[in-house]
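Enquirer: Let me give you the structure first, and then I'll get to my questions.
There are 2 protein chains.
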Amino acid sequence: MAKIVDVHSHVYTPSYIALLRTRKEVPFIRTFADIGDRLIILPGEDESPSRGRPVGPSYWDINEKLAFMDSHSISTSVISLANPWLDFLAPAEATEQARLINGELDQLCSQHAGRLYAFAVLPLSATASAIEAEIQHISSLKHMRGVIMGTTGLGSGLDDPLLDIVYAALEKHELPIFLHPHYGLPSAVYGPRADKYGHVLSLALGFPLETTIAVTRMYLSGVFDRSKTLQVLLAHSGGTLPFLAGRIESCLEHDGYLLKEGKLNEEKRALWDVLRKNIYLDAVIYSEVGLQAAVAASGAERIMFGTDHPFFPPLRGEEEWLSARLNRDAIKNAFGSDNTTANNVLGDNAIRILKLHT
Amino acid sequence: MAKIVDVHSHVYTPSYIALLRTRKEVPFIRTFADIGDRLIILPGEDESPSRGRPVGPSYWDINEKLAFMDSHSISTSVISLANPWLDFLAPAEATEQARLINGELDQLCSQHAGRLYAFAVLPLSATASAIEAEIQHISSLKHMRGVIMGTTGLGSGLDDPLLDIVYAALEKHELPIFLHPHYGLPSAVYGPRADKYGHVLSLALGFPLETTIAVTRMYLSGVFDRSKTLQVLLAHSGGTLPFLAGRIESCLEHDGYLLKEGKLNEEKRALWDVLRKNIYLDAVIYSEVGLQAAVAASGAERIMFGTDHPFFPPLRGEEEWLSARLNRDAIKNAFGSDNTTANNVLGDNAIRILKLHT
Numbered sequence: 001m002a003k004i005v006d007v008h009s010h011v012y013t014p015s016y017i018a019l020l021r022t023r024k025e026v027p028f029i030r031t032f033a034d035i036g037d038r039l040i041i042l043p044g045e046d047e048s049p050s051r052g053r054p055v056g057p058s059y060w061d062i063n064e065k066l067a068f069m070d071s072h073s074i075s076t077s078v079i080s081l082a083n084p085w086l087d088f089l090a091p092a093e094a095t096e097q098a099r100l101i102n103g104e105l106d107q108l109c110s111q112h113a114g115r116l117y118a119f120a121v122l123p124l125s126a127t128a129s130a131i132e133a134e135i136q137h138i139s140s141l142k143h144m145r146g147v148i149m150g151t152t153g154l155g156s157g158l159d160d161p162l163l164d165i166v167y168a169a170l171e172k173h174e175l176p177i178f179l180h181p182h183y184g185l186p187s188a189v190y191g192p193r194a195d196k197y198g199h200v201l202s203l204a205l206g207f208p209l210e211t212t213i214a215v216t217r218m219y220l221s222g223v224f225d226r227s228k229t230l231q232v233l234l235a236h237s238g239g240t241l242p243f244l245a246g247r248i249e250s251c252l253e254h255d256g257y258l259l260k261e262g263k264l265n266e267e268k269r270a271l272w273d274v275l276r277k278n279i280y281l282d283a284v285i286y287s288e289v290g291l292q293a294a295v296a297a298s299g300a301e302r303i304m305f306g307t308d309h310p311f312f313p314p315l316r317g318e319e320e321w322l323s324a325r326l327n328r329d330a331i332k333n334a335f336g337s338d339n340t341t342a343n344n345v346l347g348d349n350a351i352r353i354l355k356l357h358t
Numbered sequence: 001m002a003k004i005v006d007v008h009s010h011v012y013t014p015s016y017i018a019l020l021r022t023r024k025e026v027p028f029i030r031t032f033a034d035i036g037d038r039l040i041i042l043p044g045e046d047e048s049p050s051r052g053r054p055v056g057p058s059y060w061d062i063n064e065k066l067a068f069m070d071s072h073s074i075s076t077s078v079i080s081l082a083n084p085w086l087d088f089l090a091p092a093e094a095t096e097q098a099r100l101i102n103g104e105l106d107q108l109c110s111q112h113a114g115r116l117y118a119f120a121v122l123p124l125s126a127t128a129s130a131i132e133a134e135i136q137h138i139s140s141l142k143h144m145r146g147v148i149m150g151t152t153g154l155g156s157g158l159d160d161p162l163l164d165i166v167y168a169a170l171e172k173h174e175l176p177i178f179l180h181p182h183y184g185l186p187s188a189v190y191g192p193r194a195d196k197y198g199h200v201l202s203l204a205l206g207f208p209l210e211t212t213i214a215v216t217r218m219y220l221s222g223v224f225d226r227s228k229t230l231q232v233l234l235a236h237s238g239g240t241l242p243f244l245a246g247r248i249e250s251c252l253e254h255d256g257y258l259l260k261e262g263k264l265n266e267e268k269r270a271l272w273d274v275l276r277k278n279i280y281l282d283a284v285i286y287s288e289v290g291l292q293a294a295v296a297a298s299g300a301e302r303i304m305f306g307t308d309h310p311f312f313p314p315l316r317g318e319e320e321w322l323s324a325r326l327n328r329d330a331i332k333n334a335f336g337s338d339n340t341t342a343n344n345v346l347g348d349n350a351i352r353i354l355k356l357h358t
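Residue numbers (UniProt numbering), protein chains in the order written: chain A, 1 to 358; chain B, 1 to 358.
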């Protein structure tokens, strides 16, 4: 029986939940008289028809995580703090909270050795040197296998040259980045009827595009030319990167302005090369159509199963989560009778890449 | 030898170019002392480092189109007015220009019978009944094989219920929509260093996402439930729709708000069903990774070759256009020795679907 590893599994640690409960502005937990506690993570969500998202013990109780893993035959989960991480905190508080939360995460993993590993959180509102110090500390923690990062970086995106010191530190300690969206796109792009469609447009389209823009900016700015061994695990199978990589390369090769400015240099690594050497993709894509594109772009040895738990719970209380099943079925359908590759994507790749002892 | 048909091929007709030259605001043609004529189609482009895009005879001279077709072994092109079409005109002028331009297009096709067909343009700023009248007229023109449409519809998107009368008219006359992006995304989403990357982020990511949002809004609003036979050819292989279709469906099926509101009804057609019965995809995707996802989503019998000529010309004056070659190579690489399917995608699908006499 293959081991199943979930590399896309979020927790809000108890201290983080407590922090959200003390706040009165985004992000925060707001209690409504009719629908109870809701997590409000984007401006205006508490006034929208959907009123944020329900928040309950599955968000913070590790026993719920373990029960979910049991009922879905998941051997090991690599847990990560969910968005918006520490993006909203002032530097000193972010630095303090990162140390605290990374300690909590490592302790949770210790208490469930072999079943839990974690991606650490960084105090990105602090200085690059404070971040570097936290990376040094993270590398000393037993169960950390990388860091989760949103798309804002130090405030102006992941193509910020000031991040080079952070990328270099991550390379040095062989810690991959788990790159994850949070902010989506400005709501105006969804038009005047978006509220009628619940969260669908922002979650299904805004999230993946946020990731795609972020990693494309990294690529265009030369991050992967300077940090040749940097490893980035992209959430949701890369957003849309596998599908659009050809178009990105073509637009680059046809840009007259960049040619004139001498910026189309032959030494720039091809995006396809970056996809096969620096990018890992989770398999959170809910269809074999997308999964096969992810495999074709980065190679089956770089794809790792995930669930996005505790998000997308079943709406009618079913024990088996449809969201998890869709991602498992996509693997089954994509590889057919090739059980070795299916097993690699389900768990063996993660065990090898993230050096897990399961 | 297979016939090659290009379904994604733009022209700016002489009257449209004349119109752009008279204008002093977007969209317009501006003459710079140092770099000559530039087409400025988005606000601020003339002040950006790239200063719009070079515009020359390949945009309006049909002989350049025919020469391109000859040198790339393209038997037949289905030409369409390029963005931003008539979106910017007041209703009466849009109505007048649509009639004029559709006449010009049909005449061009007559002069090059068998080599040229066209998608007509609609006066979308006019009333639905004026649009309906133009559709009626278009159906009487010999060489029209559908209509090109941007993503704004009557001004508030393609999920506007007022468009139902337009969709019904297109269904009645069996005219497919060629859905094409123009506006991209607000430039703020590309961050503070976007100008350094030329047009890459807006063209490579903004355009495809604009298309994806537009068609997803159509789907969510029930257009394909009401207009069950409406046919829509999506530019750039659907933007990102094939890759994200699984996520769109999953987000829909997990939306607690939509469930509570009774909007998750069992009768809604699955997006996968729409992809296989209502959506055609061009093959303008520049890689076999994307093309294979397009094929997996809609079926190889619904994919049609295109070039996006006259955009993405070779930067160093090569006779063979890299942009066209990448799209041909993608087909060759995707289907390997399956020449029948490759030939279908290169031309036979378009001949069958658009009823071309080549």
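Yeah, the Cβ is synthetic: ideal placement off N, Cα and C, and Gly gets one too.
It should be emphasised that the depicted structure is a prediction, and the values quoted were computed from it without experimental measurement.
1. Tell me, please, whether the CB atom of Ala-342(A) is closer than 8 Å to any CB atom in chain B?
2. Nearest by alpha-carbon distance to Gly-191(B): which of Gln-97(A), Leu-122(A), Ile-101(A) and Thr-151(A) is it?
3. How many whole angstroms separate the CB atoms of Ser-237(B) and Leu-291(B), which I take to be in contact at a CB cut-off of 8 Å?
4. For Ile-248(A), which option in Leu-203(B), Asn-349(B) and Asn-265(B) has the closest C-alpha, if you only look at C-alpha atoms?
5. By the 10 Å Cβ neighbour count, where 16 or more other Cβ atoms means buried, how is residue 359(B) classified, buried or exposed?
6. Looking only at its own chain, which residues have a Cβ that is under 8 Å from the Cβ of Glu-210(A), when we skip the five neighbours before and after it?
7. Please list, in chain order, all residues of the same chain as Ser-323(A) whose beta carbon is under 7 Å from its beta carbon, the five residues on each side excluded.
8. Looking at the structure shown, is Ser-9(B) part of a helix, part of a strand, or coil, going by DSSP?
9. Closer than 7 Å between beta carbons: that is the criterion. Which residues of the segment 250-274 of chain A meet it against chain B?
10. For the putative contact between Ser-50(B) and Gly-198(B), defined by C-beta atoms under 8 Å, what is the C-beta separation to the nearest angstrom?
11. Is the Cβ of Val-345(B) closer than 8 Å to any Cβ of chain A?
12. So, is Ser-9(B) buried or exposed, given that buried needs 16 or more other C-beta atoms within 10 angstroms?
13. Give the C-beta separation of Leu-175(B) and Val-215(B) to the nearest angstrom, bearing in mind that I take them to be a contact with Cβ-Cβ under 8 Å.
14. Compute the Euclidean distance between the alpha carbons of Lys-332(B) and Asn-339(B), then round it to the nearest angstrom.
15. On the premise that Phe-119(B) lies in contact with Ser-80(B), defined as a C-beta separation below 8 Å, what is that separation, rounded to the nearest angstrom?
16. Ile-303(A) touches chain B at which residues, Cβ-Cβ below 9 Å?
17. Over the uninterrupted beta strand (DSSP E) stretch that includes Val-295(B), give me the two end residues.
18. Mind checking if Thr-216(A) is an interface residue toward chain B, Cβ cutoff 8 Å exclusive?
19. Measure how close the beta-carbons of Asp-164(B) and Gly-153(B) come, nearest whole angstrom, since I'm counting them as under 8 Å.
20. Out of curiosity, what's the CA-to-CA distance linking His-357(B) and Ile-138(B)?
21. Would you mind telling me which residues of chain B sit closer than 8 Å to Ile-285(A), beta carbon to beta carbon, in chain order?
22. Are the Cβ atoms of Ala-297(A) and Val-289(B) separated by less than 8 Å?
23. Using CA atoms only, rank isn't needed, just tell me which of Asp-87(B), His-254(B), Phe-224(B) and Tyr-286(B) is closest to Pro-208(B).
24. For Ala-245(B), does the three-state DSSP call read helix, strand or coil?
25. Going by DSSP, name the residue or residues bridged to Tyr-117(A).
26. What does DSSP give as the partner residue(s) for residue 366(B) in the beta ladder?
27. Buried or exposed: where does Asn-327(B) fall if 16 or more other Cβ atoms within 10 Å of its Cβ makes it buried?
28. If I'm right that Asp-87(A) touches Leu-116(A) with Cβ under 8 Å, what's the distance once you round it to whole angstroms?
29. Between Tyr-280(B) and the ligand MN, is the CB less than 7 Å from at least one heavy atom?
30. Fully enclosed by the segment 94-177 of chain A, which alpha helix (DSSP H) runs are 4 residues long or longer?
31. Give every residue of the same chain whose Cβ lies closer than 7 Å to the Cβ of Gly-114(B), excluding the five residues on either side of it in the sequence, and list them in chain order.
32. Spatial neighbours of Gly-347(A) within its chain, please: C-beta separation below 7 Å, excluding the five flanking residues on both sides.
33. So which residues of chain B does Phe-28(A) contact, with C-beta pairs closer than 8 Å?
34. Is the segment 27-43 of chain A touching the segment 19-29 of chain B, taking contact as three or more C-beta pairs under 8 Å?
35. Taking only the alpha-carbon atoms, compute the straight-line gap between Lys-294(B) and Phe-243(B) and give it to the nearest angstrom.
36. Report the neighbours of Arg-38(B) on chain A: residues whose CB is nearer than 9 Å to its CB, in chain order.
Expert: Reading off the structure:
1. no
2. Thr-151(A)
3. 7 Å
4. Leu-203(B)
5. Shown here, chain B extends from 1 to 358; a query on residue 359(B) therefore has no answer.
6. Thr-151, Pro-181, His-182, Tyr-183, Gly-184, Leu-185 and Gly-239
7. Thr-307, Asp-308 and Phe-312
8. strand
9. Ser-250, Cys-251, Leu-252, Glu-253, His-254, Asp-255, Gly-256, Tyr-257, Leu-258 and Leu-259
10. 6 Å
11. no
12. buried
13. At roughly 17 Å, the Cβ-Cβ gap does not stay under 8 Å, so Leu-175(B) and Val-215(B) are not in contact.
14. 8 Å
15. 4 Å
16. Per Cβ cutoff of 9 Å: no residues; Ile-303(A) is ~13 Å from chain B at best.
17. That residue, Val-295(B), is in no beta strand (DSSP E); its alpha helix (DSSP H) goes 288-298.
18. yes
19. Not quite, the Cβ-Cβ distance comes to about 11 Å (not below 8 Å), so this is no contact.
20. 18 Å
21. Phe-243, Gly-246 and Arg-247
22. yes
23. Tyr-286(B)
24. helix
25. Val-78(A)
26. Residue coverage of chain B in this structure runs from 1 to 358, which leaves residue 366(B) outside it and unanswerable.
27. buried
28. The pair is not a contact, with the Cβ atoms about 24 Å apart (cut-off 8 Å).
29. Ligands in the displayed structure: none, and consequently the ligand MN is not present.
30. 128-140 and 164-172
31. Thr-76, His-357 and Thr-358
32. Ala-2, Lys-3, Ile-4, Val-5, Ser-75 and Phe-305
33. In chain order: nothing, as chain B lies at least about 19 Å away.
34. no
35. One detail in the question is off: residue 294(B) reads as Ala in this sequence, not Lys. Spanning the two alpha carbons is a distance of roughly 8 Å.
36. Ordered by position in chain A, no residue passes the 9 Å Cβ test against Arg-38(B), which lies about 11 Å from the chain.
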